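Participant:
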Amino acid sequence: SGLNDCRCPCAFWRLLLRPAIPTSNSRLPMAPSGKRKKQTMFSIGGECHLEVPVPPSVLWQTVTDVDSTPSFLSTVMSVERIDGSSKDDPRTIGTKWKEVRKYKGNDVHMIKTVHHVGSDTSPYPRMFAVNVSFPTMKKTANTSTLIVSPGEMSVEGKAEECTSSILAGTFVGVPGGLLFKLQMLLFGASIKKSTTDSFRQELDDIAKEAIRRCSEER
-8 SGLNDCRCPC AFWRLLLRPA IPTSNSRLPM APSGKRKKQT MFSIGGECHL EVPVPPSVLW
52 QTVTDVDSTP SFLSTVMSVE RIDGSSKDDP RTIGTKWKEV RKYKGNDVHM IKTVHHVGSD
112 TSPYPRMFAV NVSFPTMKKT ANTSTLIVSP GEMSVEGKAE ECTSSILAGT FVGVPGGLLF
172 KLQMLLFGAS IKKSTTDSFR QELDDIAKEA IRRCSEER
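According to the numbering used here, the sequence shown is numbered sequentially starting from -8.
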């Protein structure tokens, strides 16, 4: 049986330390720099947890495979790197790409930049964090963080021998501009629910793709 839980708002630090256990902390996520994001009445935040029946290495490769997301994330239409790197290059801090998503029938254009990424040899949990900006919404900014941890440990306690993993994700967004803030005042609960549902769907899509890749390797 898997763990599938989403809630809003999020607790980044507890999530990083114990990603398999939902928390009730009401603070917004702390950035890797240690500076906590300022909480406002207009902020949107949430977290999700999934147990995925694949080894951590397979899940991690899926999480960081941003160039292939149009093939497995249901809302992503296209991805194009704009930092001079190619899709065969590893994702590093500063890797940047343009992304187009379909949301309620509309194309949403965004710029994503990696601001934290674990290496393929670093110990678990490994974190992949991305800043998101919107060319048509200059004052709106989002941050999403995905964390991969081992699930059930082997007898020897080696992560690479695990047959399951925990995918934990957090997101926080601050809408900009008077119109968006007014919308938050009027429809905040509905917007937060819709955003959390979309984020949960993204984690579900990642999990399904990791399971597909794992089955192909066997």
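The C-beta atom is built at its ideal place from N, Cα and C for all residues, glycine as well.
Keep in mind the model is a prediction, meaning the values are calculated, not measured.
Check T60 in the structure and name its three-state DSSP category.
Facilitator: By one-based count along the sequence shown, residue 60 stands at place 69. Note: T60 maps to helix in three-state DSSP.
Participant: Take K78 and list the residues in its own chain whose beta-carbon comes closer than 7 Å to its own, dropping the five residues that flank it on each side.
Facilitator: Residue mapping note: residue 78 aligns to position 87 of the sequence shown, counting from 1. Only D58 and R72 meet the Cβ criterion.
Participant: Identify every residue that forms a DSSP beta bridge with M128.
Facilitator: Stepping through the sequence shown from its first residue, residue 128 is reached at position 137. The partner list for M128 (beta bridge, DSSP) reads F125.
Participant: Since I102 and P126 should fall inside the 8 Å C-beta cutoff, what is the C-beta to C-beta distance between them, to a whole number of angstroms?
Facilitator: Taking the sequence shown and counting its residues from 1, the one referred to as residue 102 is at position 111. Taking the sequence shown and counting its residues from 1, the one referred to as residue 126 is at position 135. About 7 Å separates the two Cβ atoms, so the contact holds.
Participant: With DSSP as the reference, label E207 as helix, strand or coil.
Facilitator: Numbered from 1 along the sequence shown, position 216 holds the residue referred to as residue 207. Helix.
Participant: Per the contact definition of three or more C-beta pairs closer than 8 Å, is the stretch 161 to 175 in contact with the stretch 35 to 51?
Facilitator: Verdict: yes, contact present.
Participant: Based on the DSSP secondary-structure assignment, which residues constitute the bridge partners of I157?
Facilitator: Locating residue 157 in the sequence shown gives position 166, where the first residue counts as 1. In DSSP, I157 forms a bridge with E42 and S140.
Participant: How many angstroms separate the CA atom of I210 from the CA atom of P166?
Facilitator: Absent from the structure is residue 210, since the part of the chain shown begins at -8 and ends at 209.
Participant: Please confirm if the stretch 110 to 117 is in contact with the stretch 90 to 101, defined as three or more CB-CB distances below 8 Å between the two stretches.
Facilitator: With a cut-off of 8 Å, the stretch 90 to 101 and the stretch 110 to 117 do not count as touching, because too few Cβ pairs lie within range.
Participant: Tell me, please, whether the stretch 49 to 64 touches the stretch 172 to 184 by the rule of three or more beta-carbon pairs shorter than 8 Å.
Facilitator: No: fewer than three Cβ pairs fall under 8 Å.
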